[in-house]
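Colleague:
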Amino acid sequence: MSLHATTTVEASADVSLRVPRGGTEDLTSGVAGVLAAIDGVVEVAVERVTSVRPGHTDIRVDTDVTVVLELPAAAADAPPETDLGEGVAARLVDGFGITAVNAVERVALVEE
């Protein structure tokens, strides 16, 4: 249970990340696992993988995803919902294995 006020949003994003080799059965599950491990991420849907570059210890992937995540309530105080995109990008890029959040295309508040 969180003691801090949060706002739940759904966002579509273009993300670059590293998926560990041998961690899952398939690449899509690996992408979802890396994103799901980020603090505040509640749900992940991998829309499509747009680029794959194998490395020695991991696979570098560019992907389009939809995530449901909790942001600090202060991030939601900004008037237009498009400002939430910065909060989404900051939360995602702090995750282990995330190399870049290339774009946040859509952010919508989730009604609870």
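Using the UniProt record's numbering, the letters of the sequence shown correspond one by one to residues 1 to 112.
Where is the CB? At the ideal position from N, CA and C, for every residue including glycine.
Bear in mind the structure is a predicted one, so any value in this text is a computation, not a measurement.
Taking the alpha-carbon positions, what's the THR57 to GLY22 distance?
Modeller: On the sequence shown, residue 57 is found 57 positions in, with the first residue counted as 1. On the sequence shown, residue 22 is found 22 positions in, with the first residue counted as 1. Each residue's alpha carbon lies about 9 Å from the other.
Colleague: Tell me where the beta strand (DSSP E) around GLU70 begins and ends.
Modeller: For the purposes of this step, residue 70 is taken as the residue at position 70 of the sequence shown. Element bounds for GLU70: 58-72.
Colleague: Along the alpha helix (DSSP H) that carries ALA36, what are the first and last residues, could you check?
Modeller: In the sequence shown, the residue the question calls residue 36 occupies position 36. Note, ALA36: alpha helix (DSSP H), 27-36.
Colleague: Mind checking which residues open and close the alpha helix (DSSP H) that includes ALA89?
Modeller: Your numbering for residue 89 matches position 89 in the sequence shown. Element bounds for ALA89: 84-93.
Colleague: Around the C-beta of VAL15, are 16 or more other C-beta atoms found within 10 angstroms, so that it is buried, or is it exposed?
Modeller: Mapped onto the sequence shown, residue 15 falls at position 15. Result: buried.
Colleague: Do you know offhand how far THR99's Cα is from ILE38's?
Modeller: Taking the first residue of the sequence shown as 1, we reach residue 99 at position 99. Taking the first residue of the sequence shown as 1, we reach residue 38 at position 38. Straight-line Cα distance between these residues: approximately 13 Å.
Colleague: Taking the alpha-carbon positions, what's the VAL19 to GLY33 distance?
Modeller: Counted from its first residue, the sequence shown places residue 19 at position 19. Counted from its first residue, the sequence shown places residue 33 at position 33. If I take the Cα positions, the gap works out to 9 Å.
Colleague: Excluding the five sequence neighbours on either side, which residues of its own chain have a C-beta within less than 6 Å of the C-beta of ARG53, listed in chain order?
Modeller: Looking up residue 53 in the sequence shown gives position 53. Counting only Cβ-Cβ distances below 6 Å, and skipping sequence neighbours, we find ARG60.
Colleague: How many Å lie between VAL31 and THR8 at the Cα?
Modeller: The count along the sequence shown starts at 1 and reaches residue 31 at position 31. The count along the sequence shown starts at 1 and reaches residue 8 at position 8. Computed Cα separation, rounded: 21 Å.
Colleague: Do the CB positions of VAL41 and LEU69 come within less than 8 Å of each other?
Modeller: Walking along the sequence shown from the start, residue 41 turns up at place 41. Walking along the sequence shown from the start, residue 69 turns up at place 69. Their beta carbons are under 8 Å apart, which means VAL41 touches LEU69 by this criterion.
Colleague: Taking the alpha-carbon of SER51 as reference, which of VAL44, ALA73, THR63 and PRO72 has the nearest alpha-carbon?
Modeller: Residue mapping note: residue 51 aligns to position 51 of the sequence shown, counting from 1. Among VAL44, ALA73, THR63 and PRO72, the Cα nearest to that of SER51 is on THR63.
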